[in-house]
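Chains as they are written, first to last, in the working numbering: chain X, 1368 to 1729; chain A, 1368 to 1729. Think of the CB as a built atom: it goes at the ideal place given N, C-alpha and C, for glycine as much as any other residue. See below for the structure under consideration.
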DNA sequence: TCTTGATATTCAAACGTTTGAATGGTATAT
DNA sequence: ATATACCATTCAAACGTTTGAATATCAAGA
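Here it is in structure tokens:
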């Protein structure tokens, strides 16, 4: 057992044990075209020995020589946001058949970490990078190095086509429209709205969707029923924001029969706040979320929400990147730079018709 | 700009641009001890040029030469299980100051993927591996290659010390005891229990905790109130199991005033099922979960549960591995092979005293 | 003038792979 | 006998970096 005292088994160990050259062993174990010429018996012998010694090729040496790493960087702006999980999952799903490895890192919403991890991804020579981020951050210089090294990039969660970066995202405005239409069709007219943080890309288009659909239905949005989440990066803060707004709105005495929340956590916060204030959901007030993350599905009542096709978005991003890297003849279909996916209304138990005998003070 | 048509900027590009040797540039940019001898002006010039060209050292070449990768493998048995997120976060937290990179991969509960990713981690020459897995799987041969290559390993979520593998986990039995005691102290005597899947490590000790505490309180556990989740690997299936058991138990007519669920998703499923059957939580029935994942905190009523110090577990695992790899003099403190952390009762709104006038048929 | 001792820089080998070209075979066709 | 083809294997160079040893320059001390 020619094995170094410490460290990994290498080709040369296997070669020595087989009494063959390193080349032959490499050719067989990496299944290079030349391995056709290696006697079947030899091949068997080599493979057996390799697995007996526990040999695993060194990716670093291989990447160095082949000048390909079979690696994709996945930079999530905040993995603790439930939003990211399915996206990452979709990416992995797409990468697997291509034998690519996802280097996933989590910037935890911190700009400094974002920088650092982007650098690490570059140092690891990822062939492409997928950024999952809906926060609006100053990315100009961040992405400059990526360009200097000719690494293709795709962003999931916001539209950066203005900077010529391919973008995959949900049609937030359409989602807003659908959400509002759902409430309108149930008969609601006095609808409270919680707008998302200004620094979040999704906030504006969702709000526009709400407004357009309201206008179309001839509904005036009472400005006293419109709330605005602050710019807090912790995803849990939107839950607390929801709780607080619910209490404010109830104690204000202004009449309303439904709430459109910026996202699911805000909606769940609203439900908590409304419940603690003595209202029942959906009997006294309907609540609609946005995203369809796990907590929305397992809460009681289940939360009516707008589902983003997160997994599909991840998949699309990865596939597009793979196509860029390996422009195989057949794969010449052009991807539009902006891929905007349709959201989907998921009706659960948190919405219903407005209460008949609602007191309308003021 | 001496740059290859395609590909990354390398030391030799920077060297040529500076009219210096590769060695000098390397010494400066990697801040080797020798860089003390390099003139300050030269250092500045090199650094400026490197950043102008967008140079990033190639970790593959570096790892090859240095024979260290500054990389740790993190193999989660199922990342879509909310359980894993905080653990991974804790690991990252501990790895960061040591300048280690976490190679995190997600086996999605599939044995085949587990194998494949373990291989990838080995090929990437991770210096250590952290496995996050509470499922009981046949790991003997899986881990053999890790040993052959002298890669230290730690497992989070179950006790594998019998196989001489350092293990970090929560004291499930103690958690079971605390959960039961909480219900008993509220006055409950007729308590339903949902046991976890047999293939899950946590199931047995939690059940033992429930039983011990019940025995100590002089409570008989009615076998008709004990349910058993099937061996399904999808974490969402436990939610559905909870829903179903709730309906069964209600329609059976057997009296009960509280439920101890195997984990939070099961508990949330129970709440859904009980609610749909017309019972109120906690007025008609108290429910306790286990784990304290995000959905438990944002549901209404908030779920009373047993919190696992997940983040801390991840941190501990990573620190122990780092200590193994860099046995710096001061760090000689011995880690016990089994690190069992205390769980913590988190009281929220899903538990309360038993209903006074409960009908007790049978 | 010759050491000695800094300081500033370069040489060259090595890390573990891959792979185009080369090597010696042996069998078949001319 | 010689060329041709194929088979099984090996040579050697390269990928981008690090680093112990070597070199070159200059100043000061003997």
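Problem - Residue interval of the alpha helix (DSSP H) (run including residue 1518 of chain A) - result: To locate residue 1518 of chain A, count along the second chain from 1; it is residue 151. Counting along the chain, residue 1518 of chain A falls outside any alpha helix (DSSP H), and DSSP gives it neither H nor E.
Practice task
Would you kindly work out how many angstroms separate the C-alpha atoms of residue 1332 of chain X and residue 1552 of chain A, rounded to a whole number?
Solution key: Any question about residue 1332 of chain X goes unanswered here, given that chain X covers just 1368 to 1729.
Problem - Cβ neighbour criterion (16 or more within 10 Å) applied to residue 1374 of chain X - result: Looking up residue 1374 of chain X in the first chain gives position 7. Answer is exposed; the Cβ neighbour count stays below 16.
Practice task
Using a Cβ cut-off of 8 Å (strictly closer), state whether residue 1447 of chain A contacts chain X.
Solution key: Residue 1447 of chain A sits at position 80 when you count from the first residue of the second chain. Output row for residue 1447 of chain A: interface = yes.
Handout entry: Segments of 3+ residues assigned as beta strand (DSSP E) that fall wholly inside the segment 1615–1690 of chain X
Key = 1625–1627, 1653–1655 and 1672–1674
Problem - residue 1400 of chain A: CB within 7 Å of a non-hydrogen atom of the ligand PLP - result: With respect to the ligand PLP, the structure shown offers nothing to examine, as it has no ligands at all.
Problem - Neighbour flag for residue 1383 of chain X against chain A, beta carbons, 8 Å - result: Counted from its first residue, the first chain places residue 1383 of chain X at position 16. Chain A contact via Cβ: absent.
Practice task
Please list the partners that residue 1430 of chain A has in chain X, where partner means a Cβ-to-Cβ separation under 7 Å.
Solution key: Looking up residue 1430 of chain A in the second chain gives position 63. Near residue 1430 of chain A (Cβ distances below 7 Å), the residues of chain X are 1427.
Exercise for the section: Would you verify that the beta carbon of residue 1646 of chain A is, or is not, closer than 8 Å to some beta carbon of chain X? Expected result: Here residue 1646 of chain A is taken as the residue at index 279 of the second chain, counted from 1. Judged by the 8 Å Cβ criterion, residue 1646 of chain A is not in contact with chain X.
Practice task
Determine, using beta carbons only, whether residue 1525 of chain X and residue 1500 of chain X come nearer to each other than 8 Å.
Solution key: To locate residue 1525 of chain X, count along the first chain from 1; it is residue 158. To locate residue 1500 of chain X, count along the first chain from 1; it is residue 133. Their beta carbons are under 8 Å apart, which means residue 1525 of chain X touches residue 1500 of chain X by this criterion.
Handout entry: Any C-beta of chain X under 8 Å from that of residue 1516 of chain A
Key = The count along the second chain starts at 1 and reaches residue 1516 of chain A at position 149. Cβ-Cβ to chain X under 8 Å: yes for residue 1516 of chain A.
Exercise for the section: List the DSSP bridge partners of residue 1438 of chain A. Expected result: To locate residue 1438 of chain A, count along the second chain from 1; it is residue 71. Bridge partners of residue 1438 of chain A: A:1468.
Exercise for the section: Give the residues of chain X in contact with residue 1615 of chain A, contact being defined as C-beta atoms less than 9 Å apart. Expected result: Here residue 1615 of chain A refers to the residue found at position 248 when the second chain is read from its first residue. By Cβ distance, chain X contributes nothing, its closest Cβ being about 18 Å from residue 1615 of chain A, past 9 Å.
Handout entry: Stretch-stretch touch, CB-based, cutoff 8 Å, three pairs: the segment 1673–1685 of chain A with the segment 1635–1642 of chain A
Key = no
Practice task
Compute the distance between the beta-carbons of residue 1591 of chain X and residue 1621 of chain X, then report whether it is under 8 Å.
Solution key: If you number the first chain from 1, residue 1591 of chain X lands on position 224. If you number the first chain from 1, residue 1621 of chain X lands on position 254. Yes, these two residues count as a Cβ contact at 8 Å.
Practice task
Evaluate residue 1440 of chain X with the Cβ neighbour count: other Cβ atoms within 10 Å of its Cβ, from every protein chain shown; 16 or more gives buried, anything less gives exposed.
Solution key: Within the first chain, the letter at position 73 stands for residue 1440 of chain X. Buried, since its Cβ has 16 or more Cβ neighbours within 10 Å.
Exercise for the section: Kindly list the residues whose CB is nearer than 6 Å to the CB of residue 1543 of chain A, restricted to its own chain and excluding five residues on each side of it in sequence; keep chain order. Expected result: Within the second chain, numbered from 1, the residue matching residue 1543 of chain A stands at position 176. Within the same chain, residue 1543 of chain A has close Cβ partners 1573, 1576 and 1577.
Exercise for the section: Would you mind reading off the limits of the beta strand (DSSP E) that contains residue 1594 of chain X? Expected result: Position 227 of the first chain, counted from the start, is the residue given in the question as residue 1594 of chain X. Run containing residue 1594 of chain X: 1593–1595, per the beta strand (DSSP E) assignment.
Practice task
Measuring only between beta-carbons, confirm whether residue 1711 of chain X sits less than 8 Å from chain A.
Solution key: Taking the first chain and counting its residues from 1, the one referred to as residue 1711 of chain X is at position 344. No - not a single Cβ of chain A is within 8 Å of the one on residue 1711 of chain X.
Problem - Short-range partners of chain X found in the segment 1658–1669 of chain A, where Cβ spacing is below 7 Å - result: 1661, 1662, 1665, 1666 and 1667
Exercise for the section: Just mark residue 1598 of chain A as buried or exposed, buried being the case when its beta carbon has 16 or more other beta carbons within 10 Å. Expected result: The residue labelled residue 1598 of chain A in the question sits at position 231 within the second chain. Burial call: exposed.
Practice task
Check the Cβ-Cβ distances between residue 1639 of chain A and every residue of chain X, and say whether any is below 8 Å.
Solution key: Taking the first residue of the second chain as 1, we reach residue 1639 of chain A at position 272. Cβ-Cβ to chain X under 8 Å: yes for residue 1639 of chain A.
Practice task
Give the secondary structure of residue 1443 of chain A by DSSP, where H, G and I count as helix, E and B as strand, and everything else as coil.
Solution key: On the second chain, position 76 is the one that residue 1443 of chain A refers to. Here residue 1443 of chain A sits in strand by DSSP.
Practice task
Closer than 7 Å, Cβ to Cβ, to anything on chain X: give me those residues from the segment 1590–1609 of chain A, in chain order.
Solution key: 1606
Practice task
Would you tell me roughly how many angstroms separate the C-alpha atoms of residue 1729 of chain X and residue 1619 of chain X, rounded to the nearest one?
Solution key: Taking the first chain and counting its residues from 1, one reaches residue 1729 of chain X at position 362. Taking the first chain and counting its residues from 1, one reaches residue 1619 of chain X at position 252. Bear in mind that a pLDDT of 36 at residue 1729 of chain X, under 50, signals an unreliable position, so the number given afterwards is only what the model happens to contain. If I take the Cα positions, the gap works out to 10 Å.
Handout entry: Per-residue burial, residue 1714 of chain A [other beta carbons within 10 Å of its own, 16 or more giving buried]
Key = Numbered from 1 along the second chain, position 347 holds the residue referred to as residue 1714 of chain A. Per the 10 Å Cβ criterion, exposed.
Exercise for the section: Count the other C-beta atoms from every protein chain shown that fall within 10 angstroms of the C-beta of residue 1701 of chain X, then say buried if there are 16 or more, exposed otherwise. Expected result: Here residue 1701 of chain X corresponds to residue number 334 of the first chain, with the count starting at 1. By the 10 Å Cβ count, residue 1701 of chain X comes out exposed.
Problem - Of the listed residues X:1522, X:1654, X:1643 and X:1436, nearest to residue 1683 of chain X (C-alpha basis) - result: The sequence position of residue 1683 of chain X within the first chain is 316, counting from 1. Considering only alpha carbons, the answer is X:1522.
Practice task
Closer than 7 Å by beta-carbon distance: list the chain A residues that pair up with residue 1642 of chain X, in chain order.
Solution key: Against the first chain, residue 1642 of chain X aligns to sequence position 275. Result: 1667.
Handout entry: residue 1430 of chain X beta carbon less than 8 Å from that of residue 1550 of chain X
Key = Indexing the first chain from 1 puts residue 1550 of chain X at position 183. Indexing the first chain from 1 puts residue 1430 of chain X at position 63. Not closer than 8 Å, so no.
Problem - Cβ pair count under 8 Å reaching 3, the segment 1387–1396 of chain X against the segment 1406–1419 of chain X - result: yes
Problem - Interface flag, residue 1694 of chain A vs chain X, CB-CB below 8 Å - result: For the purposes of this step, residue 1694 of chain A is identified with residue 327 of the second chain, where counting begins at 1. Judged by the 8 Å Cβ criterion, residue 1694 of chain A is not in contact with chain X.
Handout entry: Simplified DSSP assignment, three categories, for residue 1373 of chain X
Key = Along the first chain, one-based indexing puts residue 1373 of chain X at 6. Low per-residue confidence applies at residue 1373 of chain X: pLDDT is 48, beneath 50, and the placement is therefore not dependable, though the value from the model is reported in the following sentence. Three-state result, residue 1373 of chain X: coil.
Handout entry: CB-CB length for residue 1625 of chain X against residue 1558 of chain X, believed under 8 Å
Key = Within the first chain, the letter at position 258 stands for residue 1625 of chain X. Within the first chain, the letter at position 191 stands for residue 1558 of chain X. Confirmed, Cβ separation roughly 5 Å.
Practice task
Say whether chain X places a C-beta atom closer than 8 Å to the C-beta of residue 1512 of chain A.
Solution key: What you label residue 1512 of chain A is simply residue 145 of the second chain in a count that begins at 1. Closer than 8 Å to some Cβ of chain X, the Cβ of residue 1512 of chain A qualifies, so yes.
Exercise for the section: Anything in the segment 1543–1575 of chain X with a Cβ closer than 8 Å to a Cβ of chain A? List those residues in chain order, please. Expected result: none
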